[in-house]
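Chemist:
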Amino acid sequence: MKVFVLNGPNLGRLGSREPGIYGSTSYAGLEELCARTGAECGVEVETRQTDHEGELVGWLHEAADADSPVVLNAGAWTHYSIAVRDAAAQLRAPLIELHISNVHAREPFRAKSVLSDIATAVVAGLGVRGYAHAIRWLAERDS
Numbered sequence: 357m358k359v360f361v362l363n364g365p366n367l368g369r370l371g372s373r374e375p376g377i378y379g380s381t382s383y384a385g386l387e388e389l390c391a392r393t394g395a396e397c398g399v400e401v402e403t404r405q406t407d408h409e410g411e412l413v414g415w416l417h418e419a420a421d422a423d424s425p426v427v428l429n430a431g432a433w434t435h436y437s438i439a440v441r442d443a444a445a446q447l448r449a450p451l452i453e454l455h456i457s458n459v460h461a462r463e464p465f466r467a468k469s470v471l472s473d474i475a476t477a478v479v480a481g482l483g484v485r486g487y488a489h490a491i492r493w494l495a496e497r498d499s
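If you want this note's numbering, it's the 1-based position in the sequence shown plus 356.
1. Decide yes or no for the touch test of the stretch 381-392 against the stretch 444-455: beta carbon pairs closer than 8 Å, at least 3 of them.
2. Which ranges would you report for the beta strand (DSSP E) in the stretch 441-497 if only whole runs of at least 3 residues count?
3. Kindly give me the distance between the Cβ atoms of Leu-416 and Ala-444, rounded to whole angstroms, as I take these residues to be in contact under 8 Å.
4. For Gly-398, count neighbouring Cβ atoms within 10 angstroms of its own Cβ and tell me buried if that reaches 16, exposed if not.
5. Between Leu-471 and Leu-428, is the Cβ-Cβ spacing less than 9 Å?
6. For the alpha helix (DSSP H) that contains Val-413, what are its first and last residues?
7. If you compare alpha carbons, which of Ala-480, Arg-497 and Lys-468 is closest to Ile-456?
8. What does a CB cutoff of less than 8 Å around Thr-393 pick up in its chain, not counting 5 residues either side in sequence?
9. Can you name, in chain order, every residue of its own chain whose Cβ lies under 7 Å from the Cβ of Ser-382, other than the five neighbours on each side?
10. Closest to Pro-365 by C-alpha separation, out of Arg-466, Ile-377 and Glu-409, would be which residue?
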């Protein structure tokens, strides 16, 4: 099984972007965590990040065509992008919506998600460890 871990805008700045909210793990550290977790679980993990909405939409199409599960941290697009939602709705495999911070304990606009109603599960507030939990859950679900 191949799991796509897709990250939206500003997530490439992990480690330097608001570490009090997002932690001190760099994006490279996140990629390593996801690869290591996948190896431990016997699944292939491909981690990607983009600051361009259309690129994320294309990656979701790729995952849908491959019938692959997705761990999606859409960043700000979570709250308003119907294009990302429509692309994610085409997935036949599980979709895990992921947030590093607890979006419900932050600004009110962050509590609204256009993805939650189509997601298989939502992980929020566990820091970057949430990615490992999501990958493990997908691997166990598939076994």
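Beta carbons are placed, not taken as given, at the ideal position from N, Cα and C, and that holds for glycine.
Modeler: This is what the structure holds:
1. Flag = no, the stretch 381-392 and the stretch 444-455 do not touch.
2. If only complete runs of 3 or more residues are kept, the stretch 441-497 shows the beta strand (DSSP E) at 451-455 and 477-480, in order along the chain.
3. If you number the sequence shown from 1, residue 416 lands on position 60. If you number the sequence shown from 1, residue 444 lands on position 88. Contact between Leu-416 and Ala-444 holds, with the beta-carbon distance rounding to 5 Å and staying under 8 Å.
4. Along the sequence shown, one-based indexing puts residue 398 at 42. Counting the other Cβ atoms within 10 Å of the Cβ of Gly-398 gives fewer than 16, which makes it exposed.
5. Numbered from 1 along the sequence shown, position 115 holds the residue referred to as residue 471. Numbered from 1 along the sequence shown, position 72 holds the residue referred to as residue 428. Remark: C-beta atoms of Leu-471 and Leu-428 approach each other more closely than 9 Å.
6. Numbered from 1 along the sequence shown, position 57 holds the residue referred to as residue 413. That run of the alpha helix (DSSP H) goes 409-422.
7. Stepping through the sequence shown from its first residue, residue 456 is reached at position 100. Minimum Cα distance to Ile-456 is reached at Ala-480.
8. To locate residue 393, count along the sequence shown from 1; it is residue 37. Exclusion of the five residues before and after Thr-393 leaves Val-401, Tyr-487, Ala-488, Ile-491 and Arg-492 as the residues of its chain whose Cβ lies within less than 8 Å of its Cβ.
9. The residue you call residue 382 lines up with position 26 of the sequence shown. Non-local C-beta neighbours of Ser-382 in its own chain, meaning closer than 7 Å and more than five positions away in sequence, comprise Leu-370 and Gly-371, ordered along the chain.
10. If you number the sequence shown from 1, residue 365 lands on position 9. When C-alpha distances from Pro-365 are compared across Arg-466, Ile-377 and Glu-409, the shortest belongs to Glu-409.
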